[in-house]
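Numbering (the numbering used here), first residue to last: 16 to 597.
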């Protein structure tokens, strides 16, 4: 009965914290991975089932098949995944107290202690503000869904092993655990650490010799071959991945060396720990310092702190082996979980963005479990000294309430930042004023709102920080909108100089030249536009009109016909054919 109430509480808390996000539109990379991704519009590209993010894209395809591009359906699924994950955290902690090693815990009321530790850990996971990016940011279903399969595999494995220790035979749960492990490896690369966590769990909480443990864990270790094998053999686009997305994924590789990236990550991991304890200043796009050597003060001090933190966990775990404090094994294992699961994105594999909050979604579970176990240790200490009279269950409920109110309120408030692109990028630009991308993206939002003056301000800030082809294009397009044609021409030509096949830049330059009365040059730019992007029907239509005004009727007819082949419903093209045919 208590467990059922706990599950209901987790569902209600999660639903309340994320109740506002259902109508939120797609933002940031959602446009590329979901709204603009033709690969999820049908299921033709999902056979055979291979790919390191296969199930993530498949889930988007299922969402699209049920509700098209209505974001409410996508958000509802993300919330549901998060609720299930919080329940799996509760179940995992509860099961861990039933393992052979935890039987040595010496707790007077092991059932209440298990419930208390599980409740604290799962409530923290459900309502913590640091999880909002993995839940509210639709694209990060990759992280939450991979976590679901990760947790499910571990829960099923633990349940099977507990049953086997009790003399129950059967391998259904074991087989399902193995299947879940495969699914996790095919959802996001963070699941590469799952076999290591299973080995850790087996070593920490189950008995038996090396051979017995090796037999239990060997099949899971083999799943570590899935990701490298897929990346090596299937080098082309992943399922549900357009060439545009593949290009984006390639660009995500950092220009930092592995050593420089690792040096930076020592500082990043400390920031992650701070966010779990004190989630203030949350930001989608941190302007984070990058370091070139671990000997710099920031990385060096961070490394020292992390070594001390890890050493405490190692000592706590060693004490469990000496029979002094068996419950500390769970707390220590949680710390090990944090470092292991974070290792894929915070070690030597250089990624363009050195820090993202959604990368904490899976690792934070270890910290929450560690804290839950620590609080039960504290309760036992107080109980032995008659400083508390309540049960572990009551103690845990009080702790959970004390934590849920501020963290839940902070998470709800953080979600309000995600209500649209304007609120999101306004928040980011305010917190990362020295970074180009927030100003570019906020300027783009202003541009689409028709607030061109404010757009120009943001684009000029971006150009002053780190001019690139996107910045020059955006600024030139905004200058055109306010009639600053000479400046628009200069910016657009600079963009084209950096990327000669940039069709949109040629198109906007054509509009600018036409406004300046230089029709021959405008026509030349339109011709380049359709050369680099043949399906850009609006450019072809404008080119047809230009040809028509110049008396090049056969060329005009050809372009009108091309427009119709691309966009058969565009009536003006039919009228154009009639006019040039007279």
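Here a beta-carbon is modelled for each residue, glycine too, at the ideal position from N, C-alpha and C.
Owing to the predicted nature of the structure, the values given are computational and were not obtained by experimental measurement.
With respect to the alpha helix (DSSP H) encompassing residue i, which residues constitute its N-terminal and C-terminal limits?
i	result
residue 373	Unbroken run through residue 373: none, as it is neither H nor E.
residue 217	209 to 220
residue 459	451 to 463
residue 243	241 to 248
residue 39	First-last for residue 39: undefined, no H or E at that position.
residue 347	343 to 357
residue 468	467 to 480
residue 535	534 to 547
residue 504	500 to 513
residue 381	378 to 399
residue 98	86 to 111
residue 562	552 to 564
residue 18	17 to 32
residue 82	69 to 82
residue 490	484 to 496
residue 126	125 to 142
Have a look at the options and flag the residue whose alpha-carbon is nearest the alpha-carbon of residue i.
i	options	result
residue 280	341, 513, 308 and 296	308
residue 107	81, 220 and 500	220
residue 331	345, 322 and 558	345
residue 426	24, 18, 25 and 31	31
residue 387	136, 469, 517 and 82	136
residue 321	461, 538 and 278	278
residue 437	416, 447, 459 and 422	459
residue 369	548, 551, 273 and 455	273
residue 341	114, 48 and 583	114
residue 19	537, 134 and 95	134
residue 50	63, 82 and 547	82
residue 362	216, 283 and 177	283
residue 533	302, 511, 500 and 124	500
residue 204	195, 468, 360 and 476	360
residue 227	195, 422 and 180	180
residue 549	574, 531 and 535	574
residue 481	467, 454, 73 and 466	454
residue 421	161, 295 and 173	295
residue 547	535, 516, 564 and 161	516
residue 367	551, 311, 401 and 452	452
residue 236	561, 224 and 217	217
residue 579	464, 589 and 570	589
Give me, in chain order, the residues of the same chain whose beta-carbon lies closer than 6 Å to that of residue i; leave out the 5 immediate sequence neighbours on both sides.
i	result
residue 22	102
residue 540	521, 524 and 525
residue 234	193
residue 26	98
residue 531	500
residue 390	135 and 414
residue 206	161, 165, 199 and 200
Could you tell me how far apart the beta carbons of residue i and residue j are, in whole angstroms, since I believe they sit closer than 8 Å?
i	j	result
residue 553	residue 577	Their Cβ separation, rounded to whole angstroms, is 12 Å, which puts residue 553 and residue 577 out of contact at 8 Å.
residue 153	residue 70	Not really, about 16 Å apart at Cβ, beyond 8 Å.
residue 504	residue 527	5 Å
residue 558	residue 595	Incorrect: roughly 13 Å between the Cβ atoms, too far for contact.
residue 91	residue 112	Going by Cβ atoms, the distance from residue 91 to residue 112 rounds to 33 Å, so no, they are not a contact pair.
residue 35	residue 431	7 Å
residue 299	residue 148	7 Å
residue 170	residue 110	7 Å
residue 79	residue 435	Not a contact, Cβ separation roughly 21 Å.
residue 419	residue 138	6 Å
Apart from the five residues just before and just after residue i, which ones in its own chain have a Cβ nearer than 7 Å to its Cβ?
i	result
residue 523	491, 492, 495 and 507
residue 257	For residue 257, the predicted model reports a pLDDT of 47, less than 50, meaning its position is unreliable; a value from the coordinates is still stated below. Closer than 7 Å at Cβ, skipping near neighbours: 52, 53 and 54.
residue 93	150, 153, 156 and 159
residue 502	494
residue 245	65, 66 and 67
residue 410	131, 394 and 403
residue 323	none
residue 58	76
residue 125	112
residue 584	none
Please list, in chain order, all residues of the same chain as residue i whose beta carbon is under 8 Å from its beta carbon, the five residues on each side excluded.
i	result
residue 290	145, 297, 372 and 375
residue 478	486, 487 and 490
residue 514	484 and 520
residue 17	130 and 408
residue 215	348, 351, 352 and 355
residue 265	Residue placement at residue 265 is flagged as unreliable, the pLDDT there being 47, under the threshold of 50; the coordinate-derived value follows with that caveat. Here the set comprises nothing.
residue 462	470, 489, 492, 493 and 496
For the pair the stretch 161 to 169 and the stretch 90 to 102, tell me if three or more CB-CB distances fall below 8 Å.
Touching, yes, given that three or more Cβ pairs across the two stretches are closer than 8 Å.
Would you say the stretch 374 to 384 touches the stretch 137 to 145, given that touching needs at least three Cβ pairs under 8 Å?
Cβ pair count under 8 Å is three or more, so yes.
Between the stretch 199 to 207 and the stretch 231 to 247, can you find at least three pairs of beta-carbon atoms closer than 8 Å?
Three or more Cβ pairs drawn from the stretch 231 to 247 and the stretch 199 to 207 lie within less than 8 Å of each other, which places the two stretches in contact.
Can we say the stretch 347 to 356 touches the stretch 321 to 329, given the rule of at least three CB pairs closer than 8 Å?
In short, these stretches touch, since the Cβ pair count reaches three.
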